[in-house]
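What follows is one structure encoded as structure tokens, with my remarks underneath.
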Amino acid sequence: MRIILSEDNDILRKSLSFFLESKGFTVDQFSDGKDALDAIEANTYDLILTDINMPGISGMEITQYVRQSMGSEIPIIIFTSSGIEQTELDSFDIGANEFIAKPISPAVLLVRINKLLKIRV
Amino acid sequence: MIELAEYYVSGTDVESFLILSISLFITASFILYLLIIRSRSKNIRKERLRAEYSKIIERLMFTIVFQDISFSDIQEDKEYMMLSKTSFFREVLMESIINLHKNYEGIYAQKLERFYKESGLINDSFKKLRSLKWEIKCKGITELAEMNITEAFDTIIKAATVRNKTLKITAINASIKLGGTKGIVHLTAHPYPIDDWTQVNIISAFKKHDIGDVKGVELLLESQNTTVITLGLKLIKELKLTQKLPYIVQLAAKAPNTLIQNEAQNVLQALTV
Chain X
2 MRIILSEDND
12 ILRKSLSFFL
22 ESKGFTVDQF
32 SDGKDALDAI
42 EANTYDLILT
52 DINMPGISGM
62 EITQYVRQSM
72 GSEIPIIIFT
82 SSGIEQTELD
92 SFDIGANEFI
102 AKPISPAVLL
112 VRINKLLKIR
122 V
Chain F
443 MIELAEYYVS
453 GTDVESFLIL
463 SISLFITASF
473 ILYLLIIRSR
483 SKNIRKERLR
493 AEYSKIIERL
503 MFTIVFQDIS
513 FSDIQEDKEY
523 MMLSKTSFFR
533 EVLMESIINL
543 HKNYEGIYAQ
553 KLERFYKESG
563 LINDSFKKLR
573 SLKWEIKCKG
583 ITELAEMNIT
593 EAFDTIIKAA
603 TVRNKTLKIT
613 AINASIKLGG
623 TKGIVHLTAH
633 PYPIDDWTQV
643 NIISAFKKHD
653 IGDVKGVELL
663 LESQNTTVIT
673 LGLKLIKELK
683 LTQKLPYIVQ
693 LAAKAPNTLI
703 QNEAQNVLQA
713 LTV
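In order, the protein sequence lines correspond to chains X and F. With the working numbering, you'll find the first sequence wraps up at 122, consecutive numbering, no jumps. With the working numbering, you'll find the second sequence wraps up at 715, consecutive numbering, no jumps.
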């Protein structure tokens, strides 16, 4: 299973990547939204994991582009440090499958990833 | 200065005067150039070291968080053994552990807290707390609060009574995180006015840390300091503490001034609608 992880916090991105790889996933990690979107367009992924606030393009814009311009139904998990209800509602509105507020639990994240991938299968 | 100008205009020893001035200028420029080069190379070296240390720290952190490895195993790590006493390594390690702790919860955060204590990083934070420089004190307070070190509560609460606004806000936020309402009850006897910015920070700290037990918030309404009463009213309103309504009714009946009375009535109205 190939996951794209887009997060600008270096240590969080690297640690999540380490964790997911230890669970058998292949993870392509990006700290810039634009680079992540280019990779999504160029490759095939099973799941997108993205932060909202990022340099280049935000996680919201990535989600919107994937759903509207690419017409893809690939599962998307958005995570952010914003605890605002409206942000969560907006994320679901533009097509995200899951929303996780930081701080996160990698174990919970894994359960949600597995759930989404199973649903897809 | 005038004498110097007159001496120059008189034309005596103009040549030697000019040579001396130019020499002084060149020497000063050269010294400044050397200082810039030194500072620049120091920064470059620091960045190189940071990148080097980050790799080691990431490896250690990920092992601690995602694999069941004890601190004694980490202590046996050759690179950790070599660098753990280096102050810059500890500084980078502290930044990384705090950063990761902010983003993780549950057992992952607990593992980081355990490492923070066992590695002695906690002592570095307490040392910062004793610093005379307010910015270093703030750093220590933030670190201790982030790692949920409740033993630091009494020391932190003392820092909340100072006049320095940034230090005060940092200390109050930390006290709220560590002790809930216990972190603000001392404000009842606060001698200085609490401005709007500080009040907003206190309210947002309550919201952010999701303080369930709000026992003692009503004590703020009994303060002699009207800005503390206003803070109490705002907290009750923002957190929708309807159980505190009887205290507001009492305040509205014997408010120290009409402004407070109006504010109390507004809160009553907002919470009873």
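Each residue gets a CB set at the ideal place from its N, CA and C atoms; glycine is no exception.
| Item | Value |
| --- | --- |
| Cβ-based burial, residue 30(X) [other Cβ within 10 Å; buried from 16] | buried |
| Candidates 444(F), 585(F), 556(F), 598(F), of which the one nearest residue 533(F) by Cα | 585(F) |
| Bridge partner(s) assigned by DSSP for residue 28(X) | 4(X) |
| Reduced DSSP category for residue 99(X) - H, G, I as helix; E, B as strand; rest coil | strand |
| Sub-7 Å separation of residue 589(F) and residue 558(F) beta-carbons | yes |
| Proximity below 7 Å, CB of residue 504(F) to CB of residue 26(X) | no |
| Opening and closing residue of the alpha helix (DSSP H) in which residue 58(X) lies | First-last for residue 58(X): undefined, no H or E at that position. |
| Neighbour list for residue 56(X) in chain F, Cβ cutoff strictly below 9 Å | Near residue 56(X) there are no residues of chain F at all, since even the closest Cβ is about 17 Å away, more than 9 Å. |
| Short CB-CB distance (under 7 Å) between residue 708(F) and chain X | no |
| Chain F contact for residue 18(X) (CB, 7 Å cutoff) | no |
| Residue 81(X) in three-state terms, based on DSSP | strand |
| Rounded separation between residue 633(F) and residue 599(F) - CA only | 15 Å |
| Beta-carbon neighbours of residue 503(F), restricted to chain X and to distances below 8 Å | 12, 16 |
| Cut-off 7 Å between Cβ atoms - residues of its own chain near residue 100(X), not counting five sequence neighbours on either side | 79, 89, 92, 93 |
| As assigned by DSSP and simplified to three states, the class of residue 668(F) | helix |
| Cβ-Cβ separation, residue 618(F) to residue 648(F) (assumed contact under 8 Å), whole Å | 6 Å |
| Selected residue, minimal CA-CA separation from residue 628(F), among 713(F), 606(F), 661(F) | 661(F) |
| Residue 111(X) at chain F interface by Cβ criterion, 7 Å | no |
| Outcome for residue 105(X) when other beta-carbon atoms lying within 10 angstroms are tallied against a minimum of 16 | buried |
| Proximity winner among 508(F), 625(F), 542(F), 582(F), relative to residue 596(F) (alpha-carbon distances) | 625(F) |
| Residues bridged to residue 51(X) (per DSSP) | 7(X), 79(X) |
| Residues that DSSP places opposite residue 486(F) in a beta bridge | For residue 486(F), which the question treats as bridged, DSSP gives no partner whatsoever. |
| 7 Å CB neighbourhood of residue 46(X) in its chain, flanking five on each side removed | 3, 4, 5, 75 |
| Interface residues of chain X facing residue 544(F) [CB-CB closer than 7 Å] | 104 |
| Helix, strand or coil at residue 546(F) according to DSSP, with G and I counted as helix | strand |
| Identified DSSP bridge partners for residue 105(X) | 546(F) |
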